[in-house]
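One structure below.
2 protein chains.
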Amino acid sequence: MSSAKQTQNDLIDIARRHFAERGYQGTSLAQVSVELGVTKQALLHHFKSKDLLYRAVLDQLTQELVQLLFAAMEEAEEAERQLERFFVALSAHFQAHRSAPALLIGVLIDAPGQAAVGGTDRPPLQDFLEPLVALFQATARWQGAGFSAALTAAIEVLGATCLLPAARGNLTHRFGCEPVEQAERVALAQASDLVRAVVHAQGLGGAGQGNL
Amino acid sequence: MSSAKQTQNDLIDIARRHFAERGYQGTSLAQVSVELGVTKQALLHHFKSKDLLYRAVLDQLTQELVQLLFAAMEEAEEAERQLERFFVALSAHFQAHRSAPALLIGVLIDAPGQAAVGGTDRPPLQDFLEPLVALFQATARWQGAGFSAALTAAIEVLGATCLLPAARGNLTHRFGCEPVEQAERVALAQASDLVRAVVHAQGLGGAGQGNL
DNA sequence: AAGGTTGCTTACCATATGGTAAGTTTTGCG
DNA sequence: CGCAAAACTTACCATATGGTAAGCAACCTT
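Line by line, the protein sequences give chains P and V. The first sequence finishes on residue 212 if you use this note's numbering, and the numbering steps up by one all the way, no holes. The second sequence finishes on residue 212 if you use this note's numbering, and the numbering steps up by one all the way, no holes.
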């Protein structure tokens, strides 16, 4: 019985890498299973379809992100500090789990009917996105600014945090290994600065506050 | 002779939408060509392979972005203002060309050997990325901070700017139509604020300046 | 030990994909 | 007109994909 769970976890790990690196469509069940040393049908025995395998991967990811978010919110502080701590933790998480940022972006970009997103059930990552947006709404800057403004900010900071680690391989190919590794270190070190800059920005000078 | 160029442009437009919405692997030559009302082989007659079609799409995108960037740099100003103007123009561009942000992110996330990226020639978007990073390096904040720090900033702001419009369809499915449309308006209105916040941030309080 | 459930395999299959080869219509032009 | 080049089609093809069906071996339970 333990060997089943073990196999499933192994498959999820491998599938996760594949989904992150090649996307949903680019991932082949055969390749995933052969990497573990089993047949494709062993995979289909555990996860009844490609979609369900994808969902399993995304559920794992969602759990990690939710856990990270709630951990950052545990101590009673102002929302700004909680956001700061979360995105720092997220940046660190991305360095330990290289597949996470690409998966996250992939899910957000996928068209609704494309992959696992689209059934009657809750879309993947929703359990993470909703409290994140809520946390943005709890800050002084977005309090009373409406849901859309907080959503904008959440997605923007998420994009800023995810793209660099997600593009790691590509950028390495473009600019070489050391500059990109250095860039990742810079990003990690400046993560809290980034959040502070966005959260405390008091957009007064330019195009407006966003209250359309 | 003009009908050839016409067909090619039509094919590129359709292919661009498909590549943006379903990714490289998820795009089928048959679907693209049937949408124009020709056969798959007509497509392969103009673009000798899927990779070359993808390259054509990305070349078009690169041209647009380069043009936008250089237009924002035309008037002799400080680099900060140029960046601001560029990202505002980029945000506006994304609303007129919905496929652009997803394509951009897709290219950056793709593993090197995956698609058109990987030959001996210059990777797609490189003609856009390099001057953009250079422009970041020209600002007071990143002057002398090294290439990696500017690269970090460029990718981060790019991520912040692209993710929301790229995720438009998905977010609409999650949160409804109006909030997302509103969010896009907010993002457009606050684009210059975002750039200013990042460019002028003087990360003094927290984890450091990034000089590891 | 009997028997069923579980983990996995071998054997298939329908379908779709990117791509080639060769033929046919259309177009431009001297 | 004549004819060649270009634009496109019909006909194929090898391959890979996700998925089904059925069988086999190990293990757990009674």
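Don't be surprised by glycine CBs; every beta carbon is placed ideally from N, CA and C.
* Asked: Under 8 Å, do V:ALA102 and V:ALA89 count as touching if we go by C-beta distance?
  -> The answer is no: Cβ separation not under 8 Å.
* Asked: Would you say the segment 37-54 of chain V touches the segment 1-19 of chain V, given that touching needs at least three Cβ pairs under 8 Å?
  -> The segment 37-54 of chain V is in contact with the segment 1-19 of chain V.
* Which bits of chain V does P:ASP110 rub up against, with CB to CB less than 8 Å? -> One finds ASN170 in chain V with Cβ atoms closer than 8 Å to the Cβ of P:ASP110, taken in chain order.
* Asked: P:PHE47 by DSSP, collapsed to three states: which one?
  -> It is coil, neither helix nor strand.
* Asked: Taking a cut of 8 Å between CB atoms, which residues from the segment 138-157 of chain V lie near chain P?
  -> Within the segment 138-157 of chain V, the residues whose Cβ lies closer than 8 Å to some Cβ of chain P are GLY146, PHE147, SER148, ALA149, LEU151, THR152, ILE155, GLU156, VAL157, listed in chain order.
* To do: Within 10 angstroms of the Cβ of V:GLU178, are there 16 or more other Cβ atoms? Answer buried if so, exposed if not.
  => With fewer than 16 Cβ atoms within 10 Å of its Cβ, V:GLU178 is classed as exposed.
* Asked: Ordered along the chain, which non-local residues of its own chain (more than five positions away) have a Cβ less than 6 Å from that of V:MET73?
  -> Spatial neighbours of V:MET73 in its own chain (CB-CB distance under 6 Å, excluding positions within 5 residues in sequence) are listed in chain order as GLN82.
* Which of helix, strand or coil does DSSP assign to P:GLN114? -> Three-state result, P:GLN114: coil.
* Please say whether V:ARG185 and P:GLN25 have beta carbons closer to each other than 8 Å? => In terms of Cβ geometry, P:GLN25 and V:ARG185 do not form a close pair [threshold 8 Å].
* Asked: Taking just the CA atoms, how far does V:LEU108 sit from V:LEU65?
  -> C-alpha of V:LEU65 to C-alpha of V:LEU108: approximately 14 Å in a straight line.
* Limits of the alpha helix (DSSP H) - the one that P:VAL214 falls within -> Past the boundaries of the shown model lies residue 214 of chain P; chain P is included only from 1 to 212, so the question cannot be answered.
* Asked: alpha helix (DSSP H) containing P:ARG185: first to last residue?
  -> Residues 177-200.
* Asked: Is V:GLN143 buried or exposed, if buried means 16 or more other CB atoms sit within 10 Å of its CB?
  -> Result: exposed.
* Determine, using beta carbons only, whether V:ALA92 and V:LEU188 come nearer to each other than 8 Å. => A contact, by the Cβ cut-off of 8 Å.
* **Rounded separation between V:GLN209 and P:LEU194 - CA only** => Its pLDDT being 40, under 50, V:GLN209 is placed unreliably by the model, and nothing is read from it.
* To do: Anything in chain P within Cβ reach of V:GLY21, meaning under 7 Å, just list it in chain order.
  => Residue identity differs from the one stated: residue 21 of chain V is Glu in this sequence, not Gly. Chain-ordered, the chain P residues with CB closer than 7 Å to the CB of V:GLU21 read ALA111.
* To do: On a CA-only basis, which of P:LEU36, P:VAL57, P:LEU135, P:HIS200 is nearest P:PHE86? Give me that one, please.
  => Taking only the C-alpha atoms, the option nearest P:PHE86 is P:LEU135.
* Apart from the five residues just before and just after P:VAL180, which ones in its own chain have a Cβ nearer than 7 Å to its Cβ? -> Only residues of its own chain outside the window of five on either side were considered, and among them ARG168, LEU171, THR172 have a CB closer than 7 Å to the CB of P:VAL180, listed in chain order.
* To do: Assign V:GLN63 to buried or exposed, taking buried as 16 or more other Cβ atoms, counted over all protein chains shown, within 10 Å of its Cβ.
  => V:GLN63 counts as exposed, since fewer than 16 other beta carbons sit within 10 angstroms of its beta carbon.
* **Within chain P, partners of V:CYS177 - CB distance below 9 Å** => Those within 9 Å of V:CYS177 in chain P number zero; the least Cβ separation is about 11 Å.
* Is any beta-carbon of chain P found at less than 8 Å from that of V:ASP193? -> Taking Cβ atoms only, chain P reaches closer than 8 Å to V:ASP193, which makes this a yes.
* Could you check the C-alpha separation between V:ASP110 and V:LEU163 for me, to the nearest Å? => In a straight line, the C-alpha of V:ASP110 is about 15 Å away from that of V:LEU163.
* To do: Name the residue from V:GLY37, V:GLN41, V:ASP59 whose alpha carbon lies nearest to the alpha carbon of V:LEU104.
  => Looking only at V:GLY37, V:GLN41, V:ASP59, the smallest Cα-Cα distance to V:LEU104 is reached by V:ASP59.
* Between V:GLY146 and P:GLU35, what straight-line distance do the alpha-carbon atoms span, to the nearest angstrom? -> The alpha-carbon atoms of V:GLY146 and P:GLU35 are separated by roughly 40 Å.
* Asked: What's the C-alpha gap between P:PHE19 and V:ALA76?
  -> P:PHE19 and V:ALA76: Cα-Cα distance of roughly 45 Å.
* Contact set between P:ALA72 and chain V, taken where Cβ atoms lie within less than 7 Å -> In chain order: nothing, as chain V lies at least about 15 Å away.
* **Close beta carbons around V:GLN126, own chain, < 7 Å, minus the five adjacent residues each side** => Result list for V:GLN126: empty, nothing under 7 Å.
* To the nearest angstrom, how far is it from the Cα of P:LEU43 to the Cα of P:PHE128? -> One C-alpha to the other measures close to 28 Å.
* To do: Using the Cα positions of V:PRO123 and P:ARG174, report the straight-line distance between them to the nearest angstrom.
  => Cα to Cα, the separation comes out at about 7 Å.
* Asked: Is P:VAL139 helix, strand or coil when you go by DSSP?
  -> Looking at the sequence itself, residue 139 of chain P is Thr, so the reference to Val does not match. Note: P:THR139 maps to coil in three-state DSSP.
* So which residues on chain P does V:ILE105 lean against when the C-beta distance must stay under 9 Å? -> In chain order: ILE105, ILE109, GLY159, LEU163, ALA166, ALA167.
* Could you pull out every residue in the same chain whose Cβ sits closer than 7 Å to the Cβ of V:PRO131, ignoring the five residues on either side in sequence? => Cβ within range, chain order: LEU69.
* Asked: Nearest to P:GLN6 by CA position, among P:GLN137, P:GLN41, P:GLU80, P:HIS46, is which residue?
  -> Nearest option by C-alpha distance: P:HIS46.
* Asked: Do we get a CB-CB distance below 8 Å when we pair P:GLN25 with the residues of chain V?
  -> Yes, P:GLN25 lies at the interface with chain V (some Cβ there is under 8 Å from its Cβ).
* Could you please give the first and the last residue of the uninterrupted alpha helix (DSSP H) stretch that includes V:LEU125? => It is not in any alpha helix (DSSP H) - V:LEU125 carries neither H nor E in the DSSP assignment.
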